[in-house]
Amino acid sequence: MRQQKYTLGVLLLAVVGFAISSVQAKHETVPLPHLSKAIKGEECVEPNDTMRRNHMTYLMHQRDETVIEGIRGKKYSLQACIDCHATADPKIENGKMRTVKPFCAECHSYAAVKIDCFDCHNPSVPLEKTTNTFHEIITAHIRESGASK
Amino acid sequence: MTIDTKKRELLVKGAAVASMTIASGVMLIAPAIARKAGEAASDKVRWGLLIDSNKCDAGCDECVVACKTENGWKSHDRPSTDPQWIRKVNLRDKKTGATHSLPVMCQHCENPPCVDVCPTGASMQRADGVVLVNRHTCIGCRYCMLACPYKARSFVHEDVTGQKPHMPRGKGTVESCTLCVHRIDIGRTPACVEACSSKAGRSAITFGDLNNPSSNIAKELSRYVTTRLRSDLGLEPGVHYRGV
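Protein chains in written order, with our numbering: chain A, 1347 to 1495; chain B, 43 to 286.
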């Protein structure tokens, strides 16, 4: 009898504990990142899943090629990220500029990754600037790689 | 030293052949040829400047203004720490009183001391002779600033916003004249060169490929005696001066 009471007590504790923890978990789940759409086009320079996983490698690799070797016009350009993914927000620069910071921060704050790209690179572009104003060699490159698919 | 000279002769000959083959098809007037997308800077080319101080005027600073506008650097009225990619220097002969003026910027040395001393490899020389700071790896130690005899480099002391898309700049890194790589890579001339001819109407600065004997700059260099600042140091600057 004593044994039974003890077991029952432990079970009850476990059930209550589980219930509390599950309720807590529901409240404390960090919302998943919700990315805004690019201002133009349906597809990035690579499929979305690849970009989400590898964009940092692409950018890191190409920045060295550009600065050190002087290679221009390849497709993984930070400027191209900014041109497409910068969004206007009335809270930022009075909505007069589109800026890419909120787009990057969406995932980076979720994953607790601090980037310093925008300590030097300007995250903003004028509202009226669209991807049409890409450098011509980048546009040509995207067109070519799109055609070869 | 003799080996170096031979190497240089070879390079010059190679460039001559290349330019002739181009010339048989089309006549190229532009001083620089835009590289194709994905093509690296080549050591067949050696970019340089020729500055004619006889045409330069002490009252004119269009080249400095153009550099500021193009690359987005500005003064904060703190002369000891302000960035300065290009500056006007006025010289006066003490005996005769004669004065002349010339712009001084990074001299894009063939043997750059700033590259020798850099602990991270951020201070670097591109294949086409342009000396740059790779800000991605610059730790802001400023050793290169000490090493440069031309005082060409400056340190960014302030937070920077509103940078030009083609010229990222940020606090804690060293910077200097890039010979407008973003322009020369697409076949344009540096901003100071353009402003000197179009805005100031002086055409005191010539830009071009020192390795190509048919380029304007090479022709001018073979025609007139020119000097390079502190040539005694053996740094072989890519910037030549006339009338200094």
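Where a beta carbon is used, it is the ideal one built from N, C-alpha and C, also for glycine.
The residue from B:Thr141, B:Ile93 and B:Lys86 with its alpha-carbon nearest to that of Glu236 (chain B) is B:Ile93.
Residue pairing from DSSP places Phe197 (chain B) in a beta bridge opposite B:Val216. Fully enclosed beta strand (DSSP E) runs of no fewer than 3 residues occupy 128-134 and 141-147 of the region 119-158 of chain B, in order along the chain. Secondary structure of Lys206 (chain B) (DSSP, three-state): strand. For Ala82 (chain B), the nearest beta carbon of chain A is closer than 9 Å to its own beta carbon.
For a cut-off of 8 Å, the C-beta gap from Ser1470 (chain A) to Met1443 (chain A) is around 4 Å, short enough to register as a contact. A check of alpha carbon separations from Arg195 (chain B) across B:Ser218, B:Met166 and B:Cys222 identifies B:Ser218 as the nearest. The residue among B:Asn176, B:Pro255 and B:Gln126 with its C-alpha nearest the C-alpha of Lys86 (chain B) is B:Pro255. Counted as a single uninterrupted DSSP element, the beta strand (DSSP E) harbouring Ile247 (chain B) occupies residues Ile247 to Asp251. DSSP places Val267 (chain B) outside any alpha helix (DSSP H), giving it a letter other than H or E. Counting only the Cα atoms, Arg1418 (chain A) lies some 8 Å from Lys78 (chain B). Nearest CB-CB separation between Thr215 (chain B) and chain A: below the 9 Å threshold. Within the region 1406-1421 of chain A, Arg1409, Val1413, Ile1414, Glu1415, Gly1416, Ile1417, Arg1418, Gly1419 and Lys1420 place their CB atoms closer than 7 Å to a CB of chain B, listed in sequence order.
The beta-carbon of Val1471 (chain A) is placed less than 9 Å from the nearest beta-carbon of chain B. Counting only residues of its own chain and dropping the five nearest sequence neighbours on each side, Thr1412 (chain A) has a CB closer than 7 Å to the CB of Arg1418. Looking only at B:Pro145, B:Lys206, B:Gly276 and B:Gly280, the smallest Cα-Cα distance to Arg225 (chain B) is reached by B:Lys206. The residue among B:Ser95, B:Arg88 and B:Ala76 with its C-alpha nearest the C-alpha of Leu271 (chain B) is B:Ser95.
Sequence-distant Cβ neighbours of Met209 (chain B) in its own chain, meaning closer than 8 Å and more than five residues away, are Glu112, Asn113, Gly114, Thr220 and His224. For His1380 (chain A), there is no enclosing alpha helix (DSSP H), as DSSP gives it neither H nor E. Under the three-pair Cβ rule at 8 Å, the region 158-174 of chain B does not count as touching the region 127-137 of chain B. Contacts between Arg211 (chain B) and chain A, judged by CB atoms closer than 8 Å, involve Cys1466 in chain order. By alpha-carbon distance to Glu1452 (chain A), the top candidate from A:Glu1374, A:Glu1392, A:Thr1375 and A:His1380 is A:His1380. Nearest to Asp201 (chain B) by C-alpha distance, out of B:Asn253, B:Gly212 and B:Leu252, is B:Gly212. When Cβ-Cβ separations below 9 Å define contact, Asp170 (chain B) makes contact with chain A. Between the beta-carbon of Gly1416 (chain A) and that of Ala83 (chain B) there is about 3 Å, and that keeps the pair under the 8 Å contact cut.
Ranked by Cα distance from Arg168 (chain B), the first of A:Thr1445, A:Asp1410, A:Ile1428 and A:Met1406 is A:Asp1410. In the three-state reduction of the DSSP assignment, Thr1433 (chain A) falls in the strand class.
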